[in-house]
Amino acid sequence: MRRKILILIGIGLVFLYITACSPIENLTGGSRKLPGKGVTVTMGQATWDTGWFQAQVYKLLLEELGYTVGEIETLNNVAFYVFAAQGDVGLWANGWLPLHDYYLNLENVAGKVRPIGFQVEGGALQGYLVDKATAEELGITNLGDLTDPKIAAFFDKDGDGMADLIGCNTGWACETVIEHHLDEYELRDTVAQIQGDYSALMGETIARYERDEPVLFYTWTPNWTVSELVIGEDVIWLSVPFSSLPDEPDANTAVDSVVGCLETPCDTGFDVSDIRVVANVKFLGENPAASVLFENVVIPLNDIAAQNALMFAGENSEEDLRRHAAEWIEANREIVEQWLENARAAVK
């Protein structure tokens, strides 16, 4: 009897040793499989810092699946889409669709990358805003009102008699749309797009607002700017005279209702966008776990805006961004685990 007990104990110890030394991904049940083990991923991120938090969220989630993710590379739009098509970059979390359709259709890109999942579906707005006080004083509701030199002069900061519209960084897709609008709405003689580093320019814009000076700027949501200048309270959206987008003669960018817009329907001049992962097609085909993860992840606009506000307040180092992402993941651990389980289930 004693011998049988010793044998059973020995078998149990051997089983425990084998189990403890086995790779996590080989355990029964599969809940801790690492389908990305041995795969190194190169991620890109956009030059607008309001998308960096999302990039860190995806990086951490990929790492939970076992992928090795190197340092995220900050790339302008053209560079990302070309590098992703070549396979030099696997993905980014900063695709704005349909705004980025132009890049998807480039000859050396088409068919080699594709959007996947809906990180933010139909909630990303873009357009032009002015401070509410000046809008009410001058009766401004529409960008077309700035064809009046007297109204435009209120927003002149450099003394050239033209309204200074804080616009997009060179190379952003919105730069092209703004330049198109200046032509289409006959604003060339009264409005100039001011370009540079968007964050720095908007910091100056907020300072002007705090001095009770008129402000005119382009922005998008989610964005830290609308945490500092609250839409509907501090600033309002301007409608445009009519829908018009580059190479889209039949564009219709009007929506039934937009909070903080004085015209109904409100046409901000830009399509309401989805924010999506864009990835190399070959990478997606070879990594079904990553593909399913991308299809599942959703990050609420309010959560992105809240993180952006922290970043603007000074928590803007890479360590801060990674911490913000980790805290968000833990705060949403129940749904995150479902995303990860779905991803692991994609690998037999």
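All the letters of the sequence shown, read from the start, carry residue numbers 472 to 819 under our numbering.
Just so it is clear, CB atoms sit at the ideal spot from N, CA and C, and this is done for glycine as well.
Straight-line Cα distance separating residue j from residue i
i	j	result
Asn758	Asn751	11 Å
Ala555	Gly582	11 Å
Ala761	Glu801	20 Å
Gly501	Gln597	Low per-residue confidence applies at Gly501: pLDDT is 43, beneath 50, and the placement is therefore not dependable enough to give any value.
His652	Asp718	12 Å
Leu617	Ser728	23 Å
Gln557	Tyr573	17 Å
Asp742	Glu607	26 Å
Arg585	Asn576	10 Å
Met782	Leu792	8 Å
Pro712	Leu614	7 Å
Glu578	Val553	10 Å
Ala816	Gln525	24 Å
Met514	Pro620	46 Å
His571	Ala725	19 Å
Gly731	Phe688	15 Å
Met673	Leu700	10 Å
Leu600	Pro720	24 Å
Ile482	Arg503	The predicted position of Ile482 is uncertain, since its pLDDT is 45 and thus under 50; no value can be drawn from it.
Ala822	Ala784	Here the chain covers residues 472 to 819 and nothing more, so residue 822 does not appear.
Thr676	Glu808	41 Å
Ile649	Trp691	13 Å
Gln664	Asp559	34 Å
Val580	Gly632	42 Å
Glu812	Lys508	16 Å
Pro569	Ile770	19 Å
Ala634	Lys753	47 Å
Ala678	Thr612	23 Å
Residue burial classification, residue i (beta-carbon count within 10 angstroms, cutoff 16)
i	result
Glu542	exposed
Asn779	buried
Arg804	exposed
Ala623	buried
Thr539	exposed
Val668	The sequence given here places Asp at residue 668; Val does not occur at that position. Exposed, because fewer than 16 other Cβ atoms sit within 10 Å of the Cβ of Asp668.
Asn497	Because Asn497 sits at a pLDDT of 36, beneath the cut-off of 50, its placement in the model cannot be relied upon, and the following sentence gives the value as read from the coordinates. Looking at its Cβ environment, which holds fewer than 16 other Cβ atoms inside 10 Å, Asn497 is exposed.
Asn723	exposed
Lys819	exposed
Gly566	buried
Thr735	exposed
Gly537	buried
Ile806	exposed
Trp799	buried
Ala671	exposed
Leu487	Confidence is the limiting factor: at Leu487 the pLDDT is only 40, short of 50, which leaves the residue's position unreliable and the question unanswerable from this model.
Identity of the residue in the options nearest residue i by Cα
i	options	result
Gln666	Gly756, Thr647, Phe589 and Glu681	Thr647
Thr605	Thr739, Ile707 and Val528	Ile707
Gly561	Trp567, Asp602, Gln516 and Glu704	Gln516
Glu789	Val818, Gly509, Val601 and Val528	Val528
Ser714	Gly740, Thr690, Pro736 and Cys732	Gly740
Asn535	Pro506, Met514 and Thr518	It should be noted that the sequence gives Glu, not Asn, for residue 535. For the residues Pro506, Met514 and Thr518, the minimum Cα distance to Glu535 belongs to Pro506.
Gly630	Leu764, Tyr599 and Val662	Val662
His795	Val749, Gly522 and Thr518	Gly522
Trp810	Tyr680, Ala722, Leu764 and Trp519	Leu764
Ala797	Leu531, Val510 and Asp520	Leu531
Leu636	Phe626, Thr518 and Val549	Phe626
Val748	Phe551, Gly537 and Thr676	Phe551
Leu733	Asn548, Gly785, Arg503 and Ile702	Ile702
Leu755	Leu716, Ala776, Val807 and Ala814	Ala814
Tyr680	Glu650, Glu544, Met633 and Lys628	Lys628
Asp654	Lys753, Ser670, Leu716 and Gly632	Leu716
Ala564	Val768, Lys753 and Val580	Val768
Trp519	Val510, Ile770 and Glu544	Glu544
Whole-angstrom C-beta distance between residue j and residue i, which should lie under 8 Å
i	j	result
Gly594	Leu772	5 Å
Val512	Leu546	In fact, because the Cβ distance is near 15 Å, the residues do not count as touching under 8 Å.
Val591	Asp745	7 Å
Gly610	Glu766	With a Cβ gap of about 47 Å, Gly610 and Glu766 do not count as contacting.
Lys603	Asp705	6 Å
Asn787	Ala644	Not a contact, Cβ separation roughly 24 Å.
Any non-hydrogen atom of the ligand ATP within 7 Å of residue i CB
i	result
Glu650	Summarising the ligand content, the structure contains no ligands, and the ligand ATP is consequently not present.
Any contact between the region 676-685 and the region 654-668? By contact I mean 3 or more CB pairs, one from each, below 8 Å.
Counting Cβ pairs under 8 Å, fewer than three are found: no touch.
Could you check whether the region 692-707 touches the region 634-650, counting it as contact only if at least three pairs of C-beta atoms, one from each stretch, sit closer than 8 Å?
With contact defined as three or more Cβ pairs closer than 8 Å, the region 692-707 and the region 634-650 are not in contact.
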